[in-house]
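Numbering (this note's numbering), first residue to last: 86 to 583. Structure, as structure tokens:
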């Protein structure tokens with residue numbers, strides 16, 4: 086059996102993982118067993134770490150930072166390690182994608198594509214490590230020279246979510262490492278496997294012990310303790326806006342640690358009558374169905390020009406009905422399983438709210454019975470108003486609501502009528518409309534005539550209640566640094582005391 090086919094069937098028994106601290110694998114007294122959302126059978130078993138385990142991980146990261154075993158290396162040396170990581174990920178691509186699909190429920194083909202993106206993240210991070218620089222000021226007079234240094238912020242706590250366990254991890258780790266920081270990672274307890282596999286990869290690539298540490302356990306205990314920890318210099322959190330708000334309180338109540346927050350989104354896709362409607366419909370179907378809509382940048386609000394709304398919605402329904410919902414390990418599957426039972430119930434509840442609130446269900450709107458696992462059909466509502474719950478709340482599922490507009494100004498107003506500002510897209514053949522809308526819609530990531538596109542060179546992050554800070558590329562490296570001003574006296578200083 087070739088390696089690719091080896092990773093196309095569910096395991097017969099759960100795989101047990103330890104946790105990773107100071108370059109060593111450790112076990113614990115209690116464990117968490119994870120069942121695959123696509124198959125309903127146990128696939129992984131991870132440790133329920135204790136607060137003592139967390140403290141040991143933070144202490145290891147602090148030692149590794151203070152003795153400069155990583156920060157003291159040149160950018161070129163750090164970059165070389167990151168390039169080796171990319172090489173190893175390329176070799177282990179199918180294996181890592183397999184565990185990602187099993188725990189998360191996403192299609193195996195999508196998971197493989199995400200690993201490719203992760204490889205690119207480490208390659209871009211390697212280049213960024215060599216390019217990080219400060220500034221100088223030669224304008225302070227003949228007797229003073231100024232330098233501005235960018236220094237790694239220190240120990241970073243990284244809390245990652247269950248919707249893109251490896252992708253979001255790899256949109257942060259290479260850039261944290263490029264800056265010279267050390268870290269303690271707390272993945273979601275339901276999707277921890279690939280975060281632990283990355284520990285193997287990093288160790289093989291030559292990353293010094295203590296630089297990357299992984300603690301597993303619940304968000305309410307380990308995640309909360311990490312956000313409150315007084316010896317963590319920065320916390321990077323990806324998840325809901327509600328939990329992000331608690332991270333802000335924890336930072337203020339502990340040591341005023343710096344925060345990077347990627348939070349919720351209720352993202353608009355604006356379709357003008359002059360666009361390629363076939364292309365836009367495909368983009369809208371993809372934008373809401375990708376990763377079963379469990380994606381912070383999912384395009385969950387369709388804002389379509391009234392003159393073509395009926396035609397466009399009909400075209401969109403035809404496309405959404407063709408989407409293949411199925412087993413995550415089936416290479417033909419386009420939409421996999423809903424990751425958790427709680428999220429599955431939440432999505433179905435919002436669908437019922439949409440029906441009860443007067444929205445018109447055009448397609449989907451129900452669970453898909455495949456005999457095992459939890460699946461929901463891509464869903465489209467029309468006749469939606471901005472005050473409906475399905476239009477205002479982040480559902481985090483494959484539920485798209487359609488609203489109509491007549492003018493460019495109205496489209497912009499509808500797009501901005503949300504507390505979120507993570508992503509948006511516009512579809513038009515008119516460059517004036519495209520530029521006007523992209524400038525005035527308040528979102529951190531914007532697409533014109535495409536969706537879910539981009540590379541790790543580009544920054545990502547939100548406006549408004551979608552978060553603080555930016556990830557990826559040189560912007561992402563700078564996020565994990567702090568600026569120091571150095572003033573150098575030239576010649577002899579004039580004495581203050583005569």
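By construction, the Cβ of each residue, glycine as well, lies at the ideal position given by its N, Cα and C atoms. Values in this document were obtained by computation on a predicted structure and should not be read as measured data.
Three-state class that DSSP yields for residue i in the structure shown
| i | result |
| --- | --- |
| residue 138 | helix |
| residue 367 | helix |
| residue 532 | strand |
| residue 520 | helix |
| residue 543 | coil |
| residue 184 | helix |
| residue 343 | strand |
| residue 556 | strand |
| residue 435 | helix |
| residue 379 | coil |
| residue 95 | coil |
| residue 446 | strand |
| residue 349 | coil |
| residue 514 | coil |
| residue 112 | coil |
| residue 388 | strand |
| residue 424 | coil |
| residue 461 | strand |
| residue 453 | coil |
| residue 374 | helix |
| residue 126 | coil |
| residue 417 | coil |
| residue 321 | strand |
| residue 77 | What the structure shows of the chain is the stretch from 86 to 583, and residue 77 is not part of that stretch, so it cannot be assessed. |
| residue 583 | coil |
| residue 146 | helix |
| residue 59 | Lying outside 86 to 583, the shown extent of the chain, residue 59 is not represented and no answer is given. |
| residue 290 | helix |
| residue 86 | Bear in mind that a pLDDT of 46 at residue 86, under 50, signals an unreliable position, so the number given afterwards is only what the model happens to contain. Coil at residue 86, not helix or strand. |
| residue 563 | helix |
Endpoints, the beta strand (DSSP E) within which residue i is located
| i | result |
| --- | --- |
| residue 339 | Counting along the chain, residue 339 falls outside any beta strand (DSSP E), and DSSP gives it neither H nor E. |
| residue 208 | First-last for residue 208: 193-216, but that is the alpha helix (DSSP H), not the beta strand (DSSP E). |
| residue 120 | 116-120 |
| residue 538 | It is not in any beta strand (DSSP E) - residue 538 carries neither H nor E in the DSSP assignment. |
| residue 595 | With the chain represented from 86 up to 583, any question about residue 595 goes unanswered, as that position is not in the structure. |
| residue 299 | 297-299 |
| residue 527 | From DSSP, residue 527 is part of no beta strand (DSSP E); its letter is neither H nor E. |
| residue 230 | 229-237 |
| residue 410 | Residue 410 -> no beta strand (DSSP E), and no H or E assigned at all. |
| residue 220 | 220-222 |
| residue 504 | That residue, residue 504, is in no beta strand (DSSP E); it is neither H nor E in DSSP. |
| residue 469 | Where residue 469 is concerned, there is no enclosing beta strand (DSSP E), given that its DSSP letter is neither H nor E. |
| residue 60 | Past the edges of the chain, shown from 86 to 583, lies residue 60, and the structure says nothing about it. |
For residue i, the first and last residue of its enclosing alpha helix (DSSP H)
| i | result |
| --- | --- |
| residue 603 | The structure shown does not extend to residue 603, since the chain spans only 86 to 583, so no value can be given for it. |
| residue 393 | 391-407 |
| residue 174 | 160-176 |
| residue 501 | 493-501 |
| residue 578 | From DSSP, residue 578 is part of no alpha helix (DSSP H); its letter is neither H nor E. |
| residue 311 | 309-313 |
| residue 477 | 474-477 |
8 Å CB neighbourhood of residue i in its chain, flanking five on each side removed
| i | result |
| --- | --- |
| residue 118 | 99, 127, 129, 130 |
| residue 391 | 489, 490, 491 |
| residue 238 | 264, 266, 318, 319, 343, 565, 566, 567 |
Cut-off 7 Å between Cβ atoms - residues of its own chain near residue i, not counting five sequence neighbours on either side
| i | result |
| --- | --- |
| residue 178 | 197, 200 |
| residue 103 | 110, 111, 112, 132 |
| residue 108 | 288, 294, 295 |
| residue 436 | 450, 464, 484 |
Own chain, CB closer than 6 Å to residue i, minus 5 neighbours either side, in chain order
| i | result |
| --- | --- |
| residue 86 | Confidence at residue 86 is low in this model, with a pLDDT of 46, below 50, so its placement is unreliable and the value that follows should be read with caution. Once the five neighbours on either side are set aside, residue 86 has no close Cβ partner at all. |
| residue 115 | 133 |
| residue 336 | 342, 344 |
| residue 506 | 527, 528, 547, 548, 549, 551 |
| residue 247 | 273, 275, 276, 424 |
query: If we count Cβ pairs, one from each stretch, closer than 8 Å, do we get three or more for the stretch 486-496 versus the stretch 453-473?
result: The stretch 486-496 vs the stretch 453-473: in contact.
Alpha helix (DSSP H) runs contained entirely in the stretch 240-281, provided each spans 4 or more residues: Those alpha helix (DSSP H) runs which fall completely within the stretch 240-281 and span 4+ residues are 250-255, 258-264.
- prompt: When the Cβ atoms of the stretch 511-522 are set against those of the stretch 397-413, are three or more pairs found closer than 8 Å?
  reply: Taking a cut-off of 8 Å for Cβ pairs, the stretch 511-522 and the stretch 397-413 do not touch, as fewer than three such pairs fall below it.
task: Assess, as a yes-or-no matter, whether the stretch 236-243 is touched by the stretch 317-326 under the definition of 3 or more beta carbon pairs within less than 8 Å.
output: At 8 Å Cβ cutoff, the stretches touch.
- prompt: Between the stretch 408-423 and the stretch 446-459, are three or more C-beta pairs nearer than 8 Å?
  reply: The stretch 408-423 is in contact with the stretch 446-459.
Validate contact between the stretch 267-281 and the stretch 207-216 using beta carbons, cut 8 Å, 3 pairs: Pairwise C-beta distances place the stretch 267-281 out of contact with the stretch 207-216, as fewer than three of them are shorter than 8 Å.
task: Would you check if there are 3 or more beta carbon pairs closer than 8 Å linking the stretch 323-338 to the stretch 356-373?
output: When Cβ pairs closer than 8 Å are counted between the two stretches, the stretch 323-338 is seen not to touch the stretch 356-373, the count staying below three.
- prompt: How about the stretch 259-269 and the stretch 561-569: do they share at least three Cβ pairs that are nearer than 8 Å?
  reply: Touching, yes.
message: Could you check whether the stretch 223-232 touches the stretch 435-442, counting it as contact only if at least three pairs of C-beta atoms, one from each stretch, sit closer than 8 Å?
response: No contact exists between the stretch 223-232 and the stretch 435-442.
task: Decide if the stretch 181-191 is in contact with the stretch 538-547; the criterion is three or more beta carbon pairs, one per stretch, under 8 Å apart.
output: Counting C-beta pairs closer than 8 Å gives fewer than three between the stretch 181-191 and the stretch 538-547, which falls short of the contact rule.
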